[in-house]
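Notes follow once the structure below has been shown.
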Amino acid sequence: MIAGVYQRKREGGEMIRRSRRIRIIIITLYILIPSFILSACQATEGRREIEDLGIVTAIGVDYIDDNVVVTLEVVNPLSSIGNNQASSNKSQEQKFIYPKGVGKTVKEALTNINLYLDKQVFLSHSNILVIGEEFAKRGTIDLMDFFLRDNDPREDMYIVVAKGCKASDIIGIRAGLGKPTGNYLYDTFNNFSATGKCINISIAENYRYYYDVSNEPVVGVVQLKELTSSDEELKNDDSTVTVLDVSGGAILKNGKLVGYFDGDEMLGFNMIVGDLRSGTISFHTPVTDKDKQNLIIGKDGELTTLDIIRTSTKRKISIKDGKIHLTIDAKLKGALNEINQALNVIDSEVISRIEEACSKKVEELISKTLEKGQKEFKLDSFSIGVAVHQQYPKIWKEIATEWQNIFPEITYDVNVETTIVKIGLINYPANLRRK
Amino acid sequence: MVSKKISLNKEELKEIFNNTSDLILYEFNTLCNCKALVAYIESLIDRNGLYNDLLKPLIHELKSPEDILTTVPIAGAVVVSDMKAIVKEMLMGKAALFIEDKNEAYIFELGKWQKRQIEEPGNERVIKGPKEGFVEDISVNKGLIRRRIKNPNLVFEDYTFGSKTNTSVSLVYLADVVNPAILNELRQRLKNINVESILDASYIEQLIKDSSKSIIPTVGHTEKPDVAVGKILEGRIAIICDASPIVLTVPKIFIENLQTSEDYYTMPKYATYLRLLRVFSLIIAITLPGILVALKSFHQEMLPTSLLMSMASSREDVPFSALIEALLMLIFLEIIKESSIRTPTAVGQAVTVVSGLVLGQTAVQAGLVGPVMVIAIGVSGITEFILSSLKEMIVLYRFIILLLGGTLGLFGVVCGIIMIIVHLISIKSFGIPYMYPVAPYDKDSMKDFIIRYQIDEKDDSWRISEKKGRRRNDKEK
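Residue numbers (the numbering used here), protein chains in the order written: chain Z, 1 to 435; chain R, 436 to 912.
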């Protein structure tokens, strides 16, 4: 077709040059093509096919008889969740397997798993690291270097302490809707913003707290909980189902577990650190006899529940006579969600009464948690040291190393201001029969 | 030279044309009783015109041999005495009239041959806008352009190429907007053309193209007169080639691949959206299989967990590695595409159904490929049709990126993309950098880049090859 072009090129020494160039190209291809095709040899660091991977969704570490025991949750891809066709054919097959490895270090234990697991352990998709109570008491930082050094595990994996049990007890309980434990726990911890009664701290954050002298971390907690079954098939046997409860927080000191906050204390804790986005508070609004005629239009003495919409916390540090004083100013916006006390909420005076009562309740919560931190653990888990550092940097330099000794001594007062922005869809309590 | 004797002329013509059967040499006596010979190529001549306008007047009305030009009602008749020139004219559909005792011949324009009707070209369909397309006849094509630019500055410059085919080629430009440097460069390159045959405008494209080894199109093609006219108005030069419905435009810059004529007939905002879509398609078309293979075999941590799980379940039975799987699918796709273009329309439907539905689904069921790979290859295969002018580039670079992604992971993909970008920036089309308004950056010309601005009466900054190109060329000198 383009004979003319060809002819023109053929002139002179063009032909010889062409053949030499072709030879160079062929030699290059000889070198390159095998290196492309055979590059699968670099098995560990480089290429690995998906079918060779054992996808881990949760990791548990325990200390048993001076050995590290790693429990993994590995998805069986053939039964897998994503593929409807496969799962309907092979629904009887096991969806997950729970291999355990024993070793002196975490990596050793993980490697030992591969002695009998036909897949390469692949940690990148695990969102949850469960630490057995025993392990947590020995220290969450020692022996954890692997999780930062290796390139497989994620740094933003949530670190969770198994309260009162081993990690291997937790891993394997799937109370979610057919989800692996890892995803179930991960999603439950993400409900943090809805309940305010738990906390999600990642491995990286845990390390950040560890390196910081001004505060100690509070990490998530998971514990086993027995519930009576409502499932029709199991009801008759009076059997129970085991679920995982994530309320509360584990208090660490120098990376070691020293104690726990319970769910309500975590509400106060999240309020102090200014990280409470949502949650509910129940309280009783005191009413005097004199008030009764216009405020109360029904039964007295029941609880009111407020849904927290937004909070903001300001922590002011003042120093008087060499003593550090903490003032916590919290603002809370909420919606009335449930009123059993039969208050006349269309009256603005009633609303301000409710606001006052709520503020008082929250103040109590905060004080209780602070007191527990000061008296029981003698530990600043509330990052109040950070506030001192920010507001009095010069003084902080002198007291930084001593801070954990100073913290139990500081005085504080708490002011909470509640604003009710919604009263709900009905004006009168539902239990009120109107005359 | 033409002889005075008709019989000698007759013999000479027979010899020149190698006694071909479609050469007609008709001898007759005119009214004034002098011998005459009409020579023409039968297949190129309008017979009615020949009988009514040439032979009839000559036989019935001609009073004297001197009155030929006034008697024959055909415009543009010329008198030629060179035999070679006569042969050339005859080959272009003209009739030669020899008169006894005259050493010259009259040439009459009587050309007529079968040509295709003007219809909508299959390649550049539009919903809104003119639907005419170029045909295989140069004079019709010239007319289509002239009809759109009623301006004496529109110049056609004719050339003939191909020592065997004698194909006519015409440059079209607006004398007052064209950049003379580009025009001279084009003339120079045309002068160097020395080929035996030109069958299509693409021959010329390959002969005048910058960086002839590159697979990036640095010469524009169009089959639509409105597109060609648009380019001419922007200061570009169009090249029409006889017997080809494709009109070339030079210089070409990269963004022209992402523009369509319809962009200018719809709302500017919608056109901008479509151009963004095309940029996205271009990226997907080239990189999607490579990125997917890289993710599957190197960077599983970058996939969302649920996608990884469904991939793992679908990959469990697949015997090949992700790279081989993708290569297989891609080659299947290319085979299907090639065969569906070549198959006769009656069978085409069946081929599409069998190849598309049956092969795709059963390949997944048989466990030859995973469903995710079928989707990725299918999507990148479709996107290629959005950017038909970049077809060659997309298909070949897709393979390269795929190989790089399958062997070196995302690192390889990124290296490949960088190399493509470097190549795009380094090439030029007739002195204009290929990535022109971006590299080198020119704010004024950005008005018709990816974001199309409103058509502005006074603004002519989009005439890249006129103003900016000239300035750039001056600098280089």
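The beta-carbon is built from N, C-alpha and C at its ideal position, and this holds for glycine as well.
In this text, all values refer to a predicted model and were calculated from it rather than measured experimentally.
Along chain Z, which residues have their Cβ under 9 Å away from the Cβ of residue i?
{"i": "R/K731", "result": "E49, I50"}
Taking Cβ-Cβ distances shorter than 7 Å, what residues in chain Z pair up with residue i?
{"i": "R/Q735", "result": "I50, L53, F122, S124"}
{"i": "R/E751", "result": "E51, P77, L78"}
For residue i versus residue j, is the C-beta distance shorter than 7 Å?
{"i": "Z/V221", "j": "Z/G259", "result": "no"}
{"i": "Z/V362", "j": "Z/V416", "result": "yes"}
{"i": "R/K826", "j": "R/D645", "result": "no"}
{"i": "R/F884", "j": "R/I651", "result": "no"}
{"i": "R/V654", "j": "R/V682", "result": "no"}
{"i": "Z/V160", "j": "Z/V106", "result": "no"}
{"i": "R/V515", "j": "R/I476", "result": "no"}
{"i": "R/Q889", "j": "R/P703", "result": "yes"}
{"i": "R/E592", "j": "R/L606", "result": "yes"}
{"i": "Z/L267", "j": "Z/G334", "result": "no"}
{"i": "R/A530", "j": "R/V473", "result": "yes"}
{"i": "Z/F377", "j": "Z/I272", "result": "no"}
{"i": "R/G546", "j": "R/G528", "result": "yes"}
For the beta strand (DSSP E) holding residue i, just list the boundary residues, first then last.
{"i": "Z/Y260", "result": "256 to 261"}
{"i": "Z/D62", "result": "53 to 64"}
{"i": "Z/L72", "result": "67 to 75"}
{"i": "Z/D245", "result": "240 to 245"}
{"i": "Z/H325", "result": "323 to 339"}
{"i": "R/K470", "result": "470 to 476"}
{"i": "R/C676", "result": "672 to 676"}
{"i": "R/E544", "result": "540 to 544"}
{"i": "R/H656", "result": "655 to 657"}
Which residues in chain A have a C-beta closer than 8 Å to the C-beta of residue i? List them in chain order.
{"i": "R/L743", "result": "Absent from the structure: chain A. Protein chains present are Z and R."}
Output yes if chain R places a C-beta closer than 7 Å to the C-beta of residue i; else output no.
{"i": "Z/I97", "result": "no"}
Would you say residue i reaches chain Z, if we count a Cβ-Cβ gap shorter than 7 Å as a contact?
{"i": "R/T740", "result": "yes"}
{"i": "R/I451", "result": "no"}
Please go through the same chain and pick out, in chain order, the residues whose beta-carbon is closer than 6 Å to the beta-carbon of residue i, but skip the five residues on each side of it.
{"i": "R/L860", "result": "Rather than Leu, the amino acid found at residue 860 of chain R in this sequence is Ile. If we look at R/I860 and ignore the five residues flanking it on each side, its Cβ neighbours are M870, A874."}
{"i": "Z/D411", "result": "In the sequence as presented, Asp is not what sits at residue 411 of chain Z; that position holds Thr. Hits under 6 Å: H325."}
{"i": "R/D752", "result": "G802"}
{"i": "Z/G424", "result": "L336"}
{"i": "Z/D245", "result": "Q223, K225"}
{"i": "R/W548", "result": "L479"}
{"i": "R/S716", "result": "T818, I821"}
{"i": "Z/S88", "result": "Interpretation of Z/S88 is limited by its pLDDT of 46, a score under 50 that renders its predicted location unreliable; the figure taken from the coordinates is listed afterwards. Within the same chain, Z/S88 has no close Cβ partners at all."}
Leaving out the 5 sequence neighbours to the left and right, which residues in its chain are closer than 7 Å to residue i when beta-carbon positions are compared?
{"i": "Z/Y63", "result": "G132, E134, F135, R138"}
{"i": "R/M764", "result": "V804, M808, V809, I812"}
{"i": "Z/K368", "result": "E265, G268"}
{"i": "Z/N83", "result": "Model confidence at Z/N83 stands at a pLDDT of 48, short of 50, so the residue's coordinates are unreliable; what they give is reported in the following sentence. Counting only Cβ-Cβ distances below 7 Å, and skipping sequence neighbours, we find nothing."}
Quick one: residues in its chain with C-beta nearer than 8 Å to the C-beta of residue i, no 5 flanking neighbours on either side, listed in chain order?
{"i": "R/R583", "result": "P660, D661, V664"}
{"i": "R/K440", "result": "E535"}
{"i": "Z/K200", "result": "Reading off the sequence shown, one finds Asn at residue 200 of chain Z, where the question assumed Lys. Correct list, in chain order: Y158, F189, N190, F192, G220."}
{"i": "Z/I399", "result": "V388, I406"}
Counting along the chain, where does the alpha helix (DSSP H) carrying residue i start and finish?
{"i": "Z/Q404", "result": "403 to 406"}
{"i": "R/T842", "result": "826 to 843"}
{"i": "R/F767", "result": "757 to 777"}
{"i": "Z/Y207", "result": "203 to 211"}
{"i": "Z/R310", "result": "No alpha helix (DSSP H) holds Z/R310; the beta strand (DSSP E) holding it covers 304 to 320."}
{"i": "Z/R122", "result": "Going by the sequence as given, residue 122 of chain Z is Phe instead of Arg. Here Z/F122 belongs to no alpha helix (DSSP H); instead the beta strand (DSSP E) covers 120 to 122."}
Sorry if obvious, but does the Cβ on residue i come closer than 6 Å to a heavy atom of the ligand SAH?
{"i": "R/A510", "result": "The ligand SAH is not part of this structure, which contains no ligands at all."}
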